[in-house]
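Okay, structure first, notes after.
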Amino acid sequence: MVQSTPTTFASSKLSRPRVAIAGFQHETNTFAPFGAPFDDFVRGGGWPALTTGAAILDLFPPIEIPIGGFISSAMDAYELIPLVWAAAEPTSFVSDDAFERIAGMICDGIARAGVLDAIYLDLHGAMVVESYQDGEGELLRRVREIVGQDIPIVISLDFHANVTDAMVELCDGITIFRTYPHIDLADTGRRAFNLLEQRLRHGRPFIKAFRKTPFLIPLPAQCTDLEPCLSLYAGLPERVRGAVLNVDVALGFPLADIRECGPAVVAYGVDEAAVAKAADMQLNDILEAEERFHMSLLDVKEAVEHAARNGRKGSLIVLADVQDNPGCGGTSDTIGLLKGMVEGGLRNSVLGLLWDPETAEKAHTAGLGAELDVRLGGRYDYDSGPYLARVRVEALSDGVFAANGPCLGGVQVDLGRMARLLILDPGSSVQVVVASVRFQCLDQDLFRAVGIEPSEKSVVAVKSAVHFRADFAPIADEILTVESPGAHWCRNDTLDYKNLRQGVRRMPISMASQRSEFHCCREARATTLDPGSQNQSIP
(Lines of atoms letter the chains of each structure in order from A and count residues from 1; the text may use other names and numbers.)
(Lines give C-alpha, C1' and ligand atoms only; values in the text may rest on other atoms or scores of the structure.)
Protein backbone atom coordinates (compact mmCIF):
# COMPACT_ATOMS: atom_id res chain seq x y z
CA MET A 1 0.00 0.00 0.00
CA VAL A 2 1.21 3.49 -0.80
CA GLN A 3 2.25 5.38 2.33
CA SER A 4 2.18 9.16 2.59
CA THR A 5 3.36 11.55 5.25
CA PRO A 6 0.62 13.37 7.15
CA THR A 7 1.72 16.71 5.74
CA THR A 8 0.77 15.56 2.24
CA PHE A 9 -2.84 15.41 3.38
CA ALA A 10 -2.93 18.45 5.63
CA SER A 11 -5.71 20.94 5.00
CA SER A 12 -5.24 22.91 1.82
CA LYS A 13 -6.58 26.09 3.50
CA LEU A 14 -8.18 27.01 0.18
CA SER A 15 -11.55 28.71 -0.21
CA ARG A 16 -12.90 25.54 -1.80
CA PRO A 17 -11.86 22.47 0.18
CA ARG A 18 -10.50 19.56 -1.85
CA VAL A 19 -12.61 16.47 -1.14
CA ALA A 20 -12.01 12.99 -2.55
CA ILE A 21 -15.19 10.97 -3.19
CA ALA A 22 -15.73 7.28 -3.90
CA GLY A 23 -18.26 4.48 -3.44
CA PHE A 24 -18.12 0.74 -2.85
CA GLN A 25 -21.45 -1.04 -2.30
CA HIS A 26 -22.37 -4.61 -1.46
CA GLU A 27 -24.93 -6.22 0.87
CA THR A 28 -23.62 -9.66 1.78
CA ASN A 29 -25.92 -12.59 2.60
CA THR A 30 -23.44 -15.13 3.96
CA PHE A 31 -26.13 -17.83 3.69
CA ALA A 32 -26.62 -17.30 -0.08
CA PRO A 33 -25.34 -19.90 -2.57
CA PHE A 34 -22.90 -17.81 -4.63
CA GLY A 35 -20.60 -14.84 -4.13
CA ALA A 36 -19.60 -11.63 -5.89
CA PRO A 37 -16.57 -11.68 -8.19
CA PHE A 38 -15.00 -8.54 -9.62
CA ASP A 39 -16.98 -8.83 -12.86
CA ASP A 40 -20.25 -8.35 -10.94
CA PHE A 41 -19.06 -4.88 -9.93
CA VAL A 42 -17.79 -4.10 -13.41
CA ARG A 43 -21.21 -4.85 -14.95
CA GLY A 44 -23.39 -3.32 -12.25
CA GLY A 45 -26.49 -4.70 -13.99
CA GLY A 46 -29.41 -3.13 -12.18
CA TRP A 47 -27.07 -0.45 -10.83
CA PRO A 48 -24.57 1.69 -12.75
CA ALA A 49 -21.48 -0.13 -13.95
CA LEU A 50 -18.13 0.49 -12.28
CA THR A 51 -17.38 4.16 -12.94
CA THR A 52 -14.11 6.05 -12.50
CA GLY A 53 -12.83 9.60 -12.58
CA ALA A 54 -14.69 12.61 -13.93
CA ALA A 55 -17.50 10.43 -15.33
CA ILE A 56 -18.76 10.10 -11.74
CA LEU A 57 -19.57 13.82 -11.64
CA ASP A 58 -21.64 13.55 -14.82
CA LEU A 59 -23.41 10.25 -14.19
CA PHE A 60 -24.52 10.30 -10.58
CA PRO A 61 -26.09 13.66 -9.62
CA PRO A 62 -29.43 12.88 -11.36
CA ILE A 63 -29.62 9.40 -9.79
CA GLU A 64 -31.36 8.61 -6.51
CA ILE A 65 -28.27 7.29 -4.72
CA PRO A 66 -26.17 8.83 -1.91
CA ILE A 67 -23.17 9.91 -3.96
CA GLY A 68 -25.53 11.70 -6.35
CA GLY A 69 -27.02 13.71 -3.50
CA PHE A 70 -23.58 14.47 -2.10
CA ILE A 71 -22.24 15.69 -5.44
CA SER A 72 -25.29 17.88 -6.07
CA SER A 73 -24.83 19.56 -2.69
CA ALA A 74 -21.04 19.78 -2.78
CA MET A 75 -20.32 20.74 -6.39
CA ASP A 76 -20.24 24.50 -5.76
CA ALA A 77 -18.72 24.30 -2.28
CA TYR A 78 -15.86 21.85 -2.84
CA GLU A 79 -13.27 20.90 -5.41
CA LEU A 80 -14.33 17.28 -5.83
CA ILE A 81 -11.80 14.59 -6.73
CA PRO A 82 -13.85 11.63 -7.97
CA LEU A 83 -12.09 8.26 -7.71
CA VAL A 84 -14.31 5.22 -8.31
CA TRP A 85 -17.85 4.00 -7.64
CA ALA A 86 -18.79 0.32 -7.81
CA ALA A 87 -21.76 -1.79 -6.72
CA ALA A 88 -23.03 -5.32 -7.24
CA GLU A 89 -26.30 -7.06 -6.50
CA PRO A 90 -26.43 -8.75 -3.07
CA THR A 91 -24.88 -12.22 -2.95
CA SER A 92 -22.76 -14.20 -0.55
CA PHE A 93 -19.15 -13.18 0.13
CA VAL A 94 -17.37 -10.55 -1.95
CA SER A 95 -14.31 -12.24 -3.41
CA ASP A 96 -10.92 -11.19 -2.09
CA ASP A 97 -9.95 -10.35 -5.66
CA ALA A 98 -12.90 -7.96 -6.09
CA PHE A 99 -12.27 -6.30 -2.74
CA GLU A 100 -8.55 -5.87 -3.29
CA ARG A 101 -9.01 -4.42 -6.76
CA ILE A 102 -11.74 -1.92 -5.88
CA ALA A 103 -10.31 -0.98 -2.48
CA GLY A 104 -7.00 -0.59 -4.28
CA MET A 105 -8.52 1.84 -6.77
CA ILE A 106 -9.89 3.93 -3.91
CA CYS A 107 -6.70 3.89 -1.85
CA ASP A 108 -4.38 4.52 -4.80
CA GLY A 109 -6.61 7.39 -5.90
CA ILE A 110 -6.44 8.96 -2.45
CA ALA A 111 -2.67 8.49 -2.28
CA ARG A 112 -2.25 10.26 -5.62
CA ALA A 113 -4.77 13.02 -4.98
CA GLY A 114 -2.31 15.38 -3.37
CA VAL A 115 -3.51 17.82 -0.75
CA LEU A 116 -6.93 16.87 0.61
CA ASP A 117 -9.22 18.51 3.12
CA ALA A 118 -11.69 15.62 3.51
CA ILE A 119 -13.00 12.34 2.10
CA TYR A 120 -16.56 11.17 1.46
CA LEU A 121 -17.32 7.48 0.90
CA ASP A 122 -20.65 6.09 -0.31
CA LEU A 123 -20.71 2.67 1.38
CA HIS A 124 -23.30 0.05 2.26
CA GLY A 125 -22.25 -1.14 5.71
CA ALA A 126 -23.03 -4.86 5.32
CA MET A 127 -20.16 -6.00 3.08
CA VAL A 128 -18.52 -9.28 4.07
CA VAL A 129 -15.40 -10.30 2.19
CA GLU A 130 -13.90 -13.77 2.00
CA SER A 131 -11.09 -12.64 4.31
CA TYR A 132 -12.83 -9.86 6.28
CA GLN A 133 -16.08 -9.91 8.27
CA ASP A 134 -16.18 -6.11 8.13
CA GLY A 135 -15.39 -5.02 4.58
CA GLU A 136 -16.12 -1.33 5.18
CA GLY A 137 -14.06 -1.31 8.36
CA GLU A 138 -11.11 -2.81 6.51
CA LEU A 139 -11.42 -0.24 3.73
CA LEU A 140 -11.52 2.62 6.25
CA ARG A 141 -8.48 1.19 8.05
CA ARG A 142 -6.52 1.26 4.78
CA VAL A 143 -7.64 4.81 4.01
CA ARG A 144 -6.57 5.96 7.47
CA GLU A 145 -3.15 4.39 6.94
CA ILE A 146 -2.73 6.70 3.96
CA VAL A 147 -4.12 10.01 5.23
CA GLY A 148 -3.51 9.76 8.96
CA GLN A 149 -5.94 10.74 11.71
CA ASP A 150 -6.48 14.44 10.97
CA ILE A 151 -8.30 14.36 7.61
CA PRO A 152 -12.09 14.19 8.15
CA ILE A 153 -13.82 11.16 6.64
CA VAL A 154 -17.62 11.11 6.40
CA ILE A 155 -19.51 8.10 5.08
CA SER A 156 -23.11 7.28 4.20
CA LEU A 157 -24.56 3.84 4.90
CA ASP A 158 -27.56 1.75 3.92
CA PHE A 159 -30.57 1.30 6.22
CA HIS A 160 -29.51 -2.35 6.64
CA ALA A 161 -25.89 -1.64 7.58
CA ASN A 162 -24.33 -3.73 10.33
CA VAL A 163 -22.47 -0.79 11.86
CA THR A 164 -19.21 -1.89 13.49
CA ASP A 165 -16.80 -0.51 16.05
CA ALA A 166 -14.24 0.00 13.30
CA MET A 167 -16.60 2.03 11.10
CA VAL A 168 -17.42 4.39 13.97
CA GLU A 169 -13.83 4.66 15.18
CA LEU A 170 -12.24 5.28 11.78
CA CYS A 171 -14.57 7.95 10.36
CA ASP A 172 -15.73 11.34 11.60
CA GLY A 173 -19.41 11.01 10.77
CA ILE A 174 -22.03 8.60 9.46
CA THR A 175 -25.41 9.26 7.85
CA ILE A 176 -27.84 6.39 7.21
CA PHE A 177 -30.98 5.95 5.10
CA ARG A 178 -34.15 6.63 7.09
CA THR A 179 -36.69 4.89 4.86
CA TYR A 180 -37.38 1.29 3.87
CA PRO A 181 -38.40 1.14 1.01
CA HIS A 182 -35.32 3.28 0.42
CA ILE A 183 -36.55 6.51 -1.13
CA ASP A 184 -34.15 8.89 0.64
CA LEU A 185 -30.82 7.73 -0.77
CA ALA A 186 -29.89 11.08 -2.33
CA ASP A 187 -31.14 12.84 0.82
CA THR A 188 -28.73 10.70 2.84
CA GLY A 189 -25.87 11.88 0.63
CA ARG A 190 -27.00 15.47 1.13
CA ARG A 191 -27.04 14.97 4.90
CA ALA A 192 -23.50 13.56 4.64
CA PHE A 193 -22.46 16.79 2.92
CA ASN A 194 -24.07 18.86 5.68
CA LEU A 195 -22.33 16.80 8.37
CA LEU A 196 -18.98 17.18 6.62
CA GLU A 197 -19.53 20.94 6.35
CA GLN A 198 -20.15 21.08 10.11
CA ARG A 199 -17.06 18.97 10.76
CA LEU A 200 -14.84 21.23 8.64
CA ARG A 201 -16.18 24.34 10.35
CA HIS A 202 -15.80 22.74 13.79
CA GLY A 203 -12.13 22.11 13.10
CA ARG A 204 -11.80 19.06 15.33
CA PRO A 205 -13.49 15.64 15.67
CA PHE A 206 -17.06 15.39 16.91
CA ILE A 207 -18.10 13.62 20.07
CA LYS A 208 -19.42 10.19 19.08
CA ALA A 209 -21.90 7.75 20.61
CA PHE A 210 -22.51 4.20 19.37
CA ARG A 211 -25.11 1.76 20.69
CA LYS A 212 -26.10 -1.78 19.61
CA THR A 213 -29.33 -3.69 20.29
CA PRO A 214 -29.40 -7.19 21.84
CA PHE A 215 -31.64 -8.63 19.09
CA LEU A 216 -31.84 -8.98 15.31
CA ILE A 217 -34.83 -7.87 13.20
CA PRO A 218 -35.96 -9.73 10.05
CA LEU A 219 -36.13 -7.50 6.99
CA PRO A 220 -39.92 -7.66 6.41
CA ALA A 221 -40.38 -6.30 9.95
CA GLN A 222 -38.12 -3.30 9.20
CA CYS A 223 -40.53 -1.53 6.82
CA THR A 224 -40.83 2.18 7.71
CA ASP A 225 -44.29 2.40 6.12
CA LEU A 226 -45.56 0.17 8.94
CA GLU A 227 -45.31 0.17 12.72
CA PRO A 228 -43.26 0.17 14.82
CA CYS A 229 -40.63 1.52 12.40
CA LEU A 230 -42.92 4.26 11.11
CA SER A 231 -42.98 5.91 14.55
CA LEU A 232 -39.34 5.12 15.36
CA TYR A 233 -38.09 6.94 12.29
CA ALA A 234 -40.67 9.73 12.38
CA GLY A 235 -39.28 10.76 15.77
CA LEU A 236 -35.64 10.56 14.74
CA PRO A 237 -35.20 14.21 13.60
CA GLU A 238 -36.30 15.38 17.05
CA ARG A 239 -33.01 14.03 18.43
CA VAL A 240 -30.99 16.46 16.27
CA ARG A 241 -30.95 19.80 18.05
CA GLY A 242 -28.51 22.07 19.85
CA ALA A 243 -25.22 20.31 20.50
CA VAL A 244 -26.44 17.13 18.79
CA LEU A 245 -25.65 17.37 15.08
CA ASN A 246 -26.79 13.96 13.80
CA VAL A 247 -28.49 10.80 15.06
CA ASP A 248 -29.12 7.83 12.80
CA VAL A 249 -30.30 4.24 13.12
CA ALA A 250 -29.39 1.20 11.04
CA LEU A 251 -31.69 -1.76 11.61
CA GLY A 252 -29.05 -4.19 10.39
CA PHE A 253 -28.78 -6.99 7.85
CA PRO A 254 -29.49 -10.21 9.77
CA LEU A 255 -28.37 -12.49 6.94
CA ALA A 256 -24.72 -11.65 7.58
CA ASP A 257 -23.18 -14.19 9.94
CA ILE A 258 -20.64 -11.85 11.52
CA ARG A 259 -19.89 -10.93 15.11
CA GLU A 260 -21.24 -7.36 14.90
CA CYS A 261 -24.45 -8.13 13.01
CA GLY A 262 -27.52 -6.22 14.16
CA PRO A 263 -29.24 -2.86 14.66
CA ALA A 264 -27.27 0.14 15.88
CA VAL A 265 -27.57 3.83 16.78
CA VAL A 266 -24.90 6.42 15.98
CA ALA A 267 -24.87 10.01 17.20
CA TYR A 268 -22.54 12.97 16.68
CA GLY A 269 -22.23 16.40 18.24
CA VAL A 270 -20.16 18.78 20.29
CA ASP A 271 -21.28 17.99 23.84
CA GLU A 272 -20.57 14.57 25.34
CA ALA A 273 -23.55 14.43 27.67
CA ALA A 274 -26.01 15.62 25.02
CA VAL A 275 -24.76 13.18 22.40
CA ALA A 276 -24.83 10.24 24.83
CA LYS A 277 -28.34 11.16 25.95
CA ALA A 278 -29.63 11.35 22.36
CA ALA A 279 -28.13 7.95 21.51
CA ASP A 280 -29.48 6.37 24.70
CA MET A 281 -32.98 7.74 24.11
CA GLN A 282 -33.02 6.45 20.53
CA LEU A 283 -31.79 3.03 21.64
CA ASN A 284 -34.43 2.95 24.36
CA ASP A 285 -37.15 3.68 21.78
CA ILE A 286 -36.01 0.62 19.78
CA LEU A 287 -35.85 -1.59 22.88
CA GLU A 288 -39.35 -0.52 23.94
CA ALA A 289 -40.64 -1.30 20.44
CA GLU A 290 -39.28 -4.87 20.50
CA GLU A 291 -42.62 -6.46 21.36
CA ARG A 292 -44.35 -4.62 18.48
CA PHE A 293 -42.19 -6.00 15.67
CA HIS A 294 -44.13 -8.46 13.56
CA MET A 295 -43.76 -10.39 10.33
CA SER A 296 -46.81 -12.06 8.87
CA LEU A 297 -46.15 -14.74 6.27
CA LEU A 298 -48.63 -16.91 4.35
CA ASP A 299 -47.82 -20.23 2.78
CA VAL A 300 -48.18 -20.41 -1.01
CA LYS A 301 -51.44 -22.36 -1.03
CA GLU A 302 -53.21 -19.99 1.36
CA ALA A 303 -52.01 -16.87 -0.47
CA VAL A 304 -52.99 -18.21 -3.90
CA GLU A 305 -56.41 -19.35 -2.74
CA HIS A 306 -57.14 -15.89 -1.38
CA ALA A 307 -55.87 -14.25 -4.57
CA ALA A 308 -58.04 -16.56 -6.69
CA ARG A 309 -61.13 -15.57 -4.73
CA ASN A 310 -60.49 -11.84 -4.56
CA GLY A 311 -58.13 -10.76 -7.35
CA ARG A 312 -59.72 -9.15 -10.39
CA LYS A 313 -58.99 -6.37 -12.82
CA GLY A 314 -59.47 -3.10 -10.98
CA SER A 315 -58.82 -4.76 -7.62
CA LEU A 316 -55.14 -5.73 -7.65
CA ILE A 317 -53.59 -8.15 -5.19
CA VAL A 318 -49.79 -8.12 -4.85
CA LEU A 319 -48.06 -11.31 -3.72
CA ALA A 320 -44.57 -10.68 -2.33
CA ASP A 321 -42.22 -13.66 -2.78
CA VAL A 322 -40.16 -12.29 0.09
CA GLN A 323 -37.74 -15.19 0.59
CA ASP A 324 -36.53 -15.11 -3.02
CA ASN A 325 -35.65 -11.42 -2.91
CA PRO A 326 -32.44 -10.86 -4.93
CA GLY A 327 -32.05 -7.57 -3.05
CA CYS A 328 -31.13 -9.68 -0.02
CA GLY A 329 -29.03 -12.29 -1.83
CA GLY A 330 -31.89 -14.46 -3.09
CA THR A 331 -31.40 -16.29 -6.37
CA SER A 332 -34.58 -14.82 -7.91
CA ASP A 333 -35.14 -18.13 -9.67
CA THR A 334 -37.21 -20.21 -7.24
CA ILE A 335 -40.45 -21.51 -8.72
CA GLY A 336 -42.55 -22.34 -5.65
CA LEU A 337 -44.87 -19.35 -5.93
CA LEU A 338 -45.03 -19.48 -9.75
CA LYS A 339 -46.01 -23.13 -9.68
CA GLY A 340 -48.61 -22.42 -6.99
CA MET A 341 -50.13 -19.61 -9.07
CA VAL A 342 -50.58 -21.91 -12.08
CA GLU A 343 -51.87 -24.85 -10.07
CA GLY A 344 -54.20 -22.53 -8.16
CA GLY A 345 -55.84 -21.37 -11.37
CA LEU A 346 -54.94 -17.67 -11.17
CA ARG A 347 -55.97 -15.59 -14.17
CA ASN A 348 -54.79 -12.25 -15.53
CA SER A 349 -51.69 -12.70 -13.37
CA VAL A 350 -47.95 -12.19 -13.71
CA LEU A 351 -44.77 -13.00 -11.75
CA GLY A 352 -41.46 -11.20 -12.06
CA LEU A 353 -38.57 -11.09 -12.26
CA LEU A 354 -37.43 -14.66 -12.72
CA TRP A 355 -33.65 -14.78 -13.25
CA ASP A 356 -33.29 -17.21 -16.14
CA PRO A 357 -30.86 -16.12 -18.88
CA GLU A 358 -31.09 -19.50 -20.63
CA THR A 359 -34.87 -19.26 -21.05
CA ALA A 360 -34.62 -15.59 -22.06
CA GLU A 361 -32.12 -16.51 -24.77
CA LYS A 362 -34.27 -19.40 -25.93
CA ALA A 363 -37.31 -17.09 -26.20
CA HIS A 364 -35.37 -14.53 -28.24
CA THR A 365 -34.14 -17.25 -30.57
CA ALA A 366 -37.66 -18.63 -31.05
CA GLY A 367 -39.21 -15.18 -31.58
CA LEU A 368 -42.57 -13.56 -30.84
CA GLY A 369 -45.55 -15.89 -30.89
CA ALA A 370 -43.44 -19.04 -30.70
CA GLU A 371 -44.55 -21.88 -28.45
CA LEU A 372 -41.81 -23.87 -26.76
CA ASP A 373 -41.00 -26.12 -23.84
CA VAL A 374 -38.82 -24.54 -21.18
CA ARG A 375 -37.22 -25.32 -17.84
CA LEU A 376 -37.99 -22.25 -15.73
CA GLY A 377 -35.64 -21.33 -12.89
CA GLY A 378 -34.89 -23.75 -10.09
CA ARG A 379 -31.14 -23.92 -10.56
CA TYR A 380 -30.55 -23.91 -6.80
CA ASP A 381 -31.79 -26.36 -4.22
CA TYR A 382 -34.63 -24.41 -2.57
CA ASP A 383 -37.68 -26.07 -4.09
CA SER A 384 -38.54 -28.72 -6.68
CA GLY A 385 -37.38 -26.73 -9.70
CA PRO A 386 -36.88 -26.27 -12.50
CA TYR A 387 -40.50 -25.81 -13.52
CA LEU A 388 -41.15 -27.66 -16.77
CA ALA A 389 -43.73 -25.73 -18.80
CA ARG A 390 -44.92 -25.06 -22.29
CA VAL A 391 -45.05 -21.32 -22.94
CA ARG A 392 -45.84 -18.81 -25.63
CA VAL A 393 -43.47 -15.88 -26.22
CA GLU A 394 -45.62 -12.75 -25.87
CA ALA A 395 -43.01 -9.98 -25.69
CA LEU A 396 -39.25 -9.48 -25.94
CA SER A 397 -36.91 -6.73 -24.74
CA ASP A 398 -33.20 -5.96 -24.70
CA GLY A 399 -33.61 -5.10 -21.01
CA VAL A 400 -32.14 -1.61 -21.25
CA PHE A 401 -34.47 1.10 -19.96
CA ALA A 402 -34.94 3.77 -17.29
CA ALA A 403 -36.69 2.69 -14.09
CA ASN A 404 -38.54 5.72 -12.73
CA GLY A 405 -40.18 4.42 -9.56
CA PRO A 406 -39.46 5.98 -6.13
CA CYS A 407 -36.59 3.63 -5.24
CA LEU A 408 -34.66 3.82 -8.51
CA GLY A 409 -35.55 7.37 -9.48
CA GLY A 410 -34.50 7.22 -13.11
CA VAL A 411 -31.63 4.74 -12.94
CA GLN A 412 -30.79 3.28 -16.35
CA VAL A 413 -30.88 -0.48 -15.83
CA ASP A 414 -29.49 -3.20 -18.05
CA LEU A 415 -31.14 -6.53 -17.31
CA GLY A 416 -29.97 -8.21 -20.49
CA ARG A 417 -32.42 -10.04 -22.68
CA MET A 418 -35.93 -10.19 -21.21
CA ALA A 419 -39.06 -12.06 -22.24
CA ARG A 420 -42.72 -12.19 -21.26
CA LEU A 421 -43.98 -15.75 -21.38
CA LEU A 422 -47.54 -17.05 -21.04
CA ILE A 423 -47.66 -20.44 -19.37
CA LEU A 424 -49.94 -22.57 -21.54
CA ASP A 425 -52.11 -24.18 -18.90
CA PRO A 426 -55.86 -24.49 -19.64
CA GLY A 427 -56.84 -23.86 -16.02
CA SER A 428 -54.96 -20.59 -15.54
CA SER A 429 -53.64 -17.47 -17.22
CA VAL A 430 -50.26 -16.76 -15.65
CA GLN A 431 -47.41 -14.87 -17.29
CA VAL A 432 -43.81 -14.81 -16.12
CA VAL A 433 -41.20 -12.17 -16.89
CA VAL A 434 -37.71 -13.61 -17.23
CA ALA A 435 -34.52 -11.55 -17.24
CA SER A 436 -30.86 -12.28 -17.91
CA VAL A 437 -29.63 -10.23 -14.94
CA ARG A 438 -30.69 -10.91 -11.35
CA PHE A 439 -32.49 -7.83 -10.03
CA GLN A 440 -35.14 -7.09 -7.43
CA CYS A 441 -38.67 -6.46 -8.72
CA LEU A 442 -39.17 -3.09 -7.04
CA ASP A 443 -40.35 -0.89 -9.91
CA GLN A 444 -43.39 -1.09 -12.21
CA ASP A 445 -41.15 -0.20 -15.15
CA LEU A 446 -39.59 -3.67 -14.89
CA PHE A 447 -42.95 -5.02 -16.12
CA ARG A 448 -43.57 -2.20 -18.56
CA ALA A 449 -40.30 -3.10 -20.30
CA VAL A 450 -42.15 -6.14 -21.69
CA GLY A 451 -45.49 -4.44 -22.27
CA ILE A 452 -47.28 -5.13 -18.99
CA GLU A 453 -49.16 -2.39 -17.15
CA PRO A 454 -49.27 -3.78 -13.58
CA SER A 455 -52.41 -1.86 -12.57
CA GLU A 456 -54.39 -3.75 -15.22
CA LYS A 457 -53.59 -7.14 -13.71
CA SER A 458 -55.63 -9.03 -11.12
CA VAL A 459 -52.56 -10.48 -9.37
CA VAL A 460 -48.94 -9.34 -9.56
CA ALA A 461 -46.27 -11.44 -7.83
CA VAL A 462 -42.94 -9.73 -7.11
CA LYS A 463 -39.62 -11.14 -5.97
CA SER A 464 -39.02 -8.49 -3.34
CA ALA A 465 -39.32 -8.17 0.43
CA VAL A 466 -40.21 -4.51 1.07
CA HIS A 467 -38.87 -2.19 -1.66
CA PHE A 468 -41.73 -3.06 -4.02
CA ARG A 469 -44.13 -1.23 -1.70
CA ALA A 470 -42.85 2.19 -2.78
CA ASP A 471 -44.14 1.73 -6.34
CA PHE A 472 -46.75 -1.04 -6.03
CA ALA A 473 -48.65 -0.15 -2.84
CA PRO A 474 -50.38 2.84 -4.47
CA ILE A 475 -51.99 0.53 -7.06
CA ALA A 476 -52.64 -2.44 -4.75
CA ASP A 477 -55.85 -3.21 -2.89
CA GLU A 478 -54.09 -5.90 -0.88
CA ILE A 479 -50.53 -7.00 -0.26
CA LEU A 480 -49.83 -10.56 0.91
CA THR A 481 -46.36 -11.66 1.99
CA VAL A 482 -45.68 -15.24 0.96
CA GLU A 483 -43.33 -17.75 2.56
CA SER A 484 -41.86 -19.86 -0.22
CA PRO A 485 -38.32 -21.32 0.05
CA GLY A 486 -35.42 -19.10 -0.94
CA ALA A 487 -32.02 -17.78 0.14
CA HIS A 488 -33.50 -14.79 2.00
CA TRP A 489 -34.55 -16.68 5.11
CA CYS A 490 -36.94 -14.48 7.07
CA ARG A 491 -36.98 -16.52 10.26
CA ASN A 492 -33.56 -15.74 11.73
CA ASP A 493 -34.12 -18.34 14.46
CA THR A 494 -33.77 -21.08 11.82
CA LEU A 495 -30.34 -19.89 10.62
CA ASP A 496 -27.13 -21.58 11.73
CA TYR A 497 -25.07 -18.61 12.89
CA LYS A 498 -21.44 -19.37 13.71
CA ASN A 499 -19.97 -15.93 14.39
CA LEU A 500 -22.74 -13.88 16.03
CA ARG A 501 -21.63 -12.42 19.38
CA GLN A 502 -22.89 -14.20 22.47
CA GLY A 503 -26.18 -13.10 23.98
CA VAL A 504 -27.77 -11.60 20.85
CA ARG A 505 -31.31 -12.85 20.26
CA ARG A 506 -31.94 -13.92 16.66
CA MET A 507 -35.49 -12.56 16.67
CA PRO A 508 -37.32 -9.86 18.62
CA ILE A 509 -39.18 -11.25 21.63
CA SER A 510 -42.52 -10.66 19.92
CA MET A 511 -41.50 -12.82 16.96
CA ALA A 512 -39.68 -15.68 18.65
CA SER A 513 -42.61 -18.06 18.29
CA GLN A 514 -44.64 -16.18 15.69
CA ARG A 515 -46.09 -18.24 12.85
CA SER A 516 -48.35 -17.51 9.90
CA GLU A 517 -51.86 -16.33 10.68
CA PHE A 518 -54.05 -15.34 7.77
CA HIS A 519 -56.03 -12.63 9.51
CA CYS A 520 -52.92 -10.57 10.24
CA CYS A 521 -51.40 -11.03 6.79
CA ARG A 522 -53.97 -9.10 4.79
CA GLU A 523 -52.98 -5.50 4.25
CA ALA A 524 -55.77 -3.43 2.77
CA ARG A 525 -55.21 -0.33 0.67
CA ALA A 526 -56.21 1.87 3.60
CA THR A 527 -53.19 0.55 5.50
CA THR A 528 -50.59 0.62 2.75
CA LEU A 529 -51.59 4.14 1.76
CA ASP A 530 -51.59 5.53 5.27
CA PRO A 531 -51.11 9.32 4.84
CA GLY A 532 -47.59 10.42 5.53
CA SER A 533 -46.10 6.93 5.21
CA GLN A 534 -46.22 5.93 1.56
CA ASN A 535 -43.90 7.51 -0.98
CA GLN A 536 -42.74 10.15 1.45
CA SER A 537 -39.24 10.53 2.79
CA ILE A 538 -39.21 10.89 6.55
CA PRO A 539 -37.46 14.21 7.25
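Going by our numbering, 1617 is the number at position 188 of the sequence shown; the sequence numbering is gapless. Glycine included, every Cβ here is placed at the ideal spot set by N, Cα and C. Please read these numbers as outputs of a predicted model, since none were measured by experiment.
- With respect to Ala-1650, His-1723 sits close: the two C-beta atoms are nearer than 8 Å.
- Bridge partners of Ser-1826 according to DSSP: Met-1847.
- In the pairwise beta carbon analysis, the region 1805–1824 is classified as touching the region 1847–1855: at least three pairs are separated by under 8 Å.
- Beta-carbon to beta-carbon, Pro-1610 and Cys-1870 are separated by about 12 Å, too far to satisfy the 8 Å threshold.
- Per DSSP, Ile-1603 is one residue of the beta strand (DSSP E) stretching across 1602–1605.
- At a Cβ-Cβ threshold of 8 Å, Asp-1563 and Thr-1593 count as neighbours.
- Counting along the chain, Asn-1675 sits inside the beta strand (DSSP E) bounded by residues 1673–1679.
- In the DSSP assignment, Leu-1766 falls within the alpha helix (DSSP H) that extends over 1765–1772.
- Taking every protein chain shown into account, the CB of Gly-1497 has 16 or more other CB atoms within 10 angstroms, so this residue is buried.
- With fewer than 16 other Cβ atoms inside 10 Å of its own Cβ, Gly-1743 counts as exposed.
- Counting only runs of 4+ residues, the alpha helix (DSSP H) found wholly inside the region 1598–1677 occupies 1614–1631, 1658–1663, in chain order.
- Shown here for Pro-1581: same chain residues with a beta carbon closer than 6 Å to its own, the five before and five after excluded, namely Ala-1547, Asp-1601, Arg-1628 in chain order.
- The shortest CA-to-CA distance from Cys-1652 to any of Ala-1595, His-1589, Arg-1819, Phe-1622 is the one to His-1589.
- The residue among Phe-1635, Gly-1464, Trp-1514 with its C-alpha nearest the C-alpha of Gly-1482 is Trp-1514.
- Excluding five sequence positions before and after Lys-1927, the CB atoms of its chain that fall closer than 8 Å to its own CB belong to Asp-1686, given in chain order.
- Short of 6 Å from the beta carbon of Leu-1645, and not among the five residues preceding or following it, lie these beta carbons of its own chain, in chain order: Pro-1683, Gly-1691, Asn-1921, Arg-1935.
- Buried is the label assigned to Pro-1647, since at least 16 other Cβ atoms lie within 10 Å of its Cβ.
- Per DSSP, reduced to three states, the secondary structure at Thr-1760 is coil, with no helix or strand assignment.
- Residue burial annotation: Gly-1807 is buried, with at least 16 other C-beta atoms found within 10 angstroms of its C-beta.
- When only Cα atoms are considered, Glu-1493 and Thr-1608 end up about 13 Å apart.
- For Gly-1781, the uninterrupted beta strand (DSSP E) segment begins and ends at 1778–1784.
- Secondary structure note for Arg-1445: it is in no beta strand (DSSP E), with a DSSP letter that is neither H nor E.
- Bounds of the beta strand (DSSP E) holding Ser-1585 are 1582–1586.
- Residue pairing by DSSP leaves Val-1866 without any beta bridge partner.
- Counting along the chain, the unbroken beta strand (DSSP E) around Gly-1698 starts and ends at 1693–1698.
- Residue environment analysis places Asp-1802 among the exposed positions, since fewer than 16 neighbouring C-beta atoms fall within 10 angstroms of its C-beta.
- Judged by beta-carbon spacing, Ala-1638 lies beyond the 8 Å limit of Ala-1693, meaning their Cβ atoms are not closer than that value.
- In the same chain as Val-1747, and ignoring 5 residues on each side of it, the C-beta atoms closer than 6 Å to its own belong to Val-1889, Phe-1901, Ala-1905, Ile-1908, in chain order.
- In this structure, the alpha-carbon of Asp-1854 lies about 20 Å from that of Ala-1732.
- With fewer than 16 other beta carbons inside 10 angstroms of its own, Leu-1817 counts as exposed.
- Shown here for Ser-1858: same chain residues with a beta carbon closer than 8 Å to its own, the five before and five after excluded, namely Leu-1775, Arg-1776, Asn-1777, Ser-1778, Leu-1851 in chain order.
- Bridge partners of Ile-1548 according to DSSP: Ala-1449, Ile-1582.
- Counted as a single uninterrupted DSSP element, the alpha helix (DSSP H) harbouring Ala-1540 occupies residues 1525–1541.
- Take Leu-1844, set aside five residues on each side of it, and the residues of its chain with a beta-carbon closer than 6 Å to its own are Gly-1828, Ala-1864, Val-1866, Phe-1868, in chain order.
- Residue environment analysis places Asp-1750 among the buried positions, since at least 16 neighbouring C-beta atoms fall within 10 angstroms of its C-beta.
- Under DSSP, the beta-bridge partners assigned to Trp-1514 are Gly-1452, Thr-1480.
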